[in-house]
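Using my numbering, read the sequence shown as starting at 788 and increasing by one per residue.
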Amino acid sequence: MTMYKVLFLDIDGTLVTPDNRIEESTKEAVSQVQDKGIEVFLATGRPLHEIDDLAFQLNIRSFIGYNGANAVYKGEDIFQEPLEPSLINRYLTIATEHNHDAVLYTNKENVFTNLEAPVIQKFIEVFHFHKNEAYGPEFNRDVLGITLINLKPEDVPLYESEAGIHLSQVNVEGLKHSYDVIRDKINKGYGIQMLLKYLNIPKESAIAFGDGMNDKEMLQAVRESFAMGNGHPDIFQYAKHKTTDVSNSGIYNGLKTLGLVK
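Pasting the structure below:
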């Protein structure tokens, strides 16, 4: 019987390849650890209402979504941490002044500041988003996450003047101009800590895989942390292990080093 109880997997660049596939080796690895009684969570910046197909493919019913603002265990909502409406108003003002775009994620839809913009259409296409709405102020009280779109690197400080907030570049080819808004106190690592406490599972029994800078807190919240070979150059310092690329059986190879897959 294994000492490990939970496995947290980022989606983009970790579970899903750049051409939006899940490798057969990854599916097999997930199935094998599930057979050992390990609960597998998808831990993502994506909104949970847009990952049903991925979850179905892998028989997964537990999630951390919106970069840690919402957690679900076996279909049961454990917590939600919405953003302050005042912060959303300030960010949208900055975005308007600098010709940036944004998507606000509620627990039901993706709310875009400009659905007609080509850069938004590309974003929707890459992530296969379906539940899209045009922005209106009525959404401000229900926002669990934000992605800012069409930023240059020098634009990032405009948004990081807020205390307790930093931006994390989206590690997806063609969308490097997009940045997730991450709260220092509410992130994937916070989500894991809350879930481990809820499930009464020690950190030593947890595993995580990630590739982007929005995964750094997650990788520090578990005992066995793996950075994907294709990861952001700065992510490796936060992981205990480095595995192969997402397109080269990264999850399978990492779990194999722990003796969890054959």
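Beta carbons: idealized from backbone N, C-alpha and C, even for Gly. All values derive from a computational prediction rather than experimental measurement.
Check the Cα spacing between M1005 and each of L982, L874, Q821, F916: the tightest is with L982. In this structure P834 is in contact with Y853, their Cβ atoms being roughly 6 Å apart against a cut-off of 8 Å.
Exclusion of the five residues before and after D888 leaves A882, F899, T900, N901, A904, V906, I907, L935, I936, N937 as the residues of its chain whose Cβ lies within less than 8 Å of its Cβ. Fewer than three Cβ pairs drawn from the stretch 1018-1031 and the stretch 824-843 lie within less than 8 Å of each other, which leaves the two stretches out of contact. Under the DSSP assignment, Q956 falls in the beta strand (DSSP E) whose first and last residues are 952-956.
T934 carries a strand assignment under DSSP once its states are collapsed to helix, strand and coil. Linking M1000 to D822 through their CA atoms gives a straight-line distance of about 31 Å.
Burial is judged here by how many other beta carbons sit within 10 angstroms of a residue's own beta carbon; A950 has fewer than 16 and is exposed. DSSP, reduced to helix, strand and coil, places D839 within a helical segment of the structure shown.
Contact check for V968 and T801: beta-carbon distance about 20 Å, past the 8 Å limit, so the pair fails to qualify. The three-state reading of DSSP puts E1004 in helix, counting H, G and I together. With fewer than 16 other Cβ atoms inside 10 Å of its own Cβ, F843 counts as exposed. Within the same chain, and ignoring the five residues on either side of Y860 in sequence, the residues whose Cβ sits closer than 6 Å to its Cβ are S849. Approximately 18 Å separates the beta-carbon atoms of F866 and A993; this is outside 8 Å, ruling out the contact. Beyond the five residues adjoining it in sequence on each side, T789 comes within less than 6 Å, by CB distance, of K823 in the same chain, given in chain order.
Cβ-Cβ distances below 7 Å link R970 to G951, I952 in the same chain, with the five nearest sequence neighbours on each side left out; the list follows chain order. Cβ contact annotation for R928 (same chain, cutoff 8 Å, sequence separation greater than five): P869, P872, in chain order. Taking every protein chain shown into account, the CB of H964 has 16 or more other CB atoms within 10 angstroms, so this residue is buried. In this model, I979 and A816 are separated by some 21 Å (Cα to Cα). Judged by beta-carbon spacing, N987 lies beyond the 8 Å limit of G855, meaning their Cβ atoms are not closer than that value. The beta carbon of V957 sits closer than 6 Å to those of S965, all from its chain and outside the five residues before and after it, given in chain order. Put simply, the backbone Cα of K972 is about 18 Å away from that of K990. The Cβ atoms of D942 and H885 lie closer than 8 Å to each other.
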